[in-house]
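Enquirer:
Residue numbers (the UniProt record's numbering): 1 to 117.
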């Protein structure tokens with residue numbers, strides 16, 4: 001599902017740039033750690049990736065919620081409850097430059113790691 005999202009984003013970026021062909025956005029499929037939580041819920045990560053949600057975003061005026069899609073799921077190693085899952089989301093309608101995904105990250109070429117926007 002993650003690869004399909006990256007391909008769709010690459011295709012939309014190609015349309016914005018006036019290109020007709022599908023952009024070559026490649027992504028390395030990262031293995032998620034398997035633990036009791038994922039096996040008990042039938043690979044919960046695969047079920048969550050691609051779901052639409054409302055994600056919080058803080059601006060100078062305060063906290064607001066925006067449409068987003070779950071891009072990746074991270075498990076907290078020391079916990080086995082679902083409330084401790086962490087997800088990485090991409091905003092569907094970015095209103096701010098910092099809400100836009102980094103194209104280097106989408107191509108798995110970002111050198112900033114967690115410091116990337």
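Glycine included, C-beta positions come from ideal geometry on N, C-alpha and C.
Would you say residue 71 and residue 90 are within 8 Å of each other, going by their C-beta atoms?
Expert: Result yes, Cβ atoms of residue 71 and residue 90 sit closer than 8 Å.
Enquirer: Pick helix, strand or coil for residue 46, following the three-state DSSP scheme.
Expert: helix
Enquirer: Go ahead and label residue 59 buried or exposed: buried means 16 or more other beta carbons lie within 10 angstroms of its beta carbon, across all protein chains shown.
Expert: exposed
Enquirer: Determine, using beta carbons only, whether residue 55 comes closer than 8 Å to chain C.
Expert: The question asks about chain C, but that chain is absent: this structure has only one protein chain.
Enquirer: When you compare each of 48, 67 and 47 to residue 56 by their alpha carbons, which one comes out closest?
Expert: 67
Enquirer: Taking all protein chains shown into account, decide if residue 112 is buried (16 or more other Cβ within 10 angstroms of its Cβ) or exposed.
Expert: exposed
Enquirer: Looking only at its own chain, which residues have a Cβ that is under 8 Å from the Cβ of residue 31, when we skip the five neighbours before and after it?
Expert: With a pLDDT of only 39 at residue 31, under the threshold of 50, the placement of this residue in the model should not be trusted; the figure read from the coordinates follows. There are no such residues.
Enquirer: Considering only the beta carbon of each residue, do residue 69 and residue 54 sit closer than 8 Å?
Expert: no
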